[in-house]
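Asker: Please read through the structure below; I'll follow up with questions.
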Amino acid sequence: MESSNNFKDSESELWNLFPEEYRTIIRKISRPLVFQKGEIVFQEEEPFKGFYWVHFGKFKIYNINYLGKESILRIVEPGHLIGAPLLLKQKKTYPVNLEALEFGSLFFFDSKLTLPILKDNPEIRNVLINMSFDYLFFLKEKTTSLMQNSLNERLMNYFAEKGACDTFVSLGIHKNQLALLLNASPEAISRSFRYLIDNQFIEESNEKYRIIKFIDP
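Residues 2 to 218 in the working numbering are what the sequence shown spells out, letter by letter.
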């Protein structure tokens, strides 16, 4: 992990999420950090120190089960907030792991600096609450998807979220990571790809994919 002072505010939409009169306060407590591919940002049960906002790059949020198997909960990209609900609920530890999938950067907000500001400025707190709803809604949707949808449907939903209804999109991650994200084996993922392509649900071109039609419920 490296600290960086070479971030341009114009490159980030973070500050624009807050009312203009509070942006200077938020800037002062933020710390830009740079991570190399494979570098751990924090680990499960590690003491909670603050939350993060993705500036650029991809990071994975994941758990390790009792058998030592990794389960990816989400791949987070620029614009995603990580850990804000923990701050709002004043949790003591991180419940998940966070790792850089590629070279990337995060803005870090130390809880010791942020909590006093939230108490004095409810408008800032409200922004964080609204931003946190997205993650909580995602977790609910993912849990429902894993319980009710087939692997083929989960893979189709993944492509839809990437924008494959309108254009060809790349996976964005390796297939073994996609397997972990969709709670499947790499072999099952390969079979699902072949089924969706052979039955003309998706088409492939130069390692990119586009949705042709959806699977009937």
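Each residue gets a CB set at the ideal place from its N, CA and C atoms; glycine is no exception.
Give the range of the alpha helix (DSSP H) segment to which Pro86 is assigned.
Answerer: Residue numbering aside, residue 86 sits at position 85 when the sequence shown is read from its first letter. In the DSSP assignment, Pro86 falls within the unbroken alpha helix (DSSP H) covering Ala85 to Leu89.
Asker: Can you give the beta carbon distance from Phe202 to Met157, rounded, assuming they're within the 8 Å contact cut?
Answerer: As a working note, residue 202 is residue 201 in the sequence shown. As a working note, residue 157 is residue 156 in the sequence shown. Confirmed, about 7 Å.
Asker: Where does Pro123 sit, in a helix, a strand or coil, going by DSSP?
Answerer: As a first step, residue 123 is located in the sequence shown; it is residue number 122 there, counting from the start. It is helical.
Asker: Report all residues from its chain with a CB closer than 6 Å to the CB of Leu88; omit the five preceding and five following residues, and keep chain order.
Answerer: Your numbering for residue 88 matches position 87 in the sequence shown. Hits under 6 Å: Phe52 and Ser112.
Asker: Would you tell me roughly how many angstroms separate the C-alpha atoms of Phe169 and Tyr159, rounded to the nearest one?
Answerer: Numbered from its first residue, the sequence shown carries residue 169 at position 168. Numbered from its first residue, the sequence shown carries residue 159 at position 158. The straight-line gap from Cα to Cα measures roughly 13 Å.
Asker: Going straight from the alpha carbon of Ser171 to that of Ala101, what length do you get?
Answerer: Here residue 171 corresponds to residue number 170 of the sequence shown, with the count starting at 1. Here residue 101 corresponds to residue number 100 of the sequence shown, with the count starting at 1. Distance between the alpha carbons of Ser171 and Ala101 is about 19 Å.
Asker: For a minimum of 4 consecutive residues, which ranges assigned as the alpha helix (DSSP H) are wholly contained in the region 42–122?
Answerer: 85–89 and 112–121
Asker: Give a yes or no on contact between the region 23–32 and the region 112–123, applying the rule of three or more CB pairs nearer than 8 Å.
Answerer: Flag = yes, the region 23–32 and the region 112–123 touch.
Asker: Does the Cβ-Cβ distance between Ile83 and Ile62 come in under 8 Å?
Answerer: For the purposes of this step, residue 83 is taken as residue 82 along the sequence shown, with counting starting at 1. For the purposes of this step, residue 62 is taken as residue 61 along the sequence shown, with counting starting at 1. Yes, Cβ-Cβ distance for Ile83 and Ile62 is below 8 Å.
Asker: So is Leu182 buried or exposed if we call it buried at 16+ other beta carbons inside 10 Å?
Answerer: As a position in the sequence shown, residue 182 is number 181, starting the count at 1. Buried, by the Cβ-count rule.
Asker: Thinking C-alpha only, which one of Gly80, Trp54, Phe49 and Glu45 is nearest Asn98?
Answerer: Counted from its first residue, the sequence shown places residue 98 at position 97. Nearest of Gly80, Trp54, Phe49 and Glu45 to Asn98, Cα basis: Glu45.
Asker: Under three-state DSSP, which class holds Ile190?
Answerer: Locating residue 190 in the sequence shown gives position 189, counting from the first residue. It is helical.
Asker: Using only the heavy atoms of the ligand NAD, determine whether one of them is closer than 7 Å to the beta carbon of Asn131.
Answerer: The ligand content of the structure shown is nil, which means the ligand NAD is not present either.
Asker: If you follow the alpha helix (DSSP H) that Ile26 is part of, which residue opens it and which one closes it?
Answerer: In the sequence shown, counting from the first residue as 1, residue 26 sits at position 25. Per DSSP, Ile26 belongs to the alpha helix (DSSP H) from Arg24 to Ile30.
Asker: Between Leu197 and the rest of its own chain, which residues show a CB-CB distance below 8 Å, the 5 nearest in sequence each way excluded?
Answerer: Translated into the one-based positions of the sequence shown, residue 197 becomes position 196. Annotation for Leu197: Asn153, Leu156, Met157 and Ile203 place their beta carbon closer than 8 Å to its own, counting only its chain and skipping 5 residues before and after.
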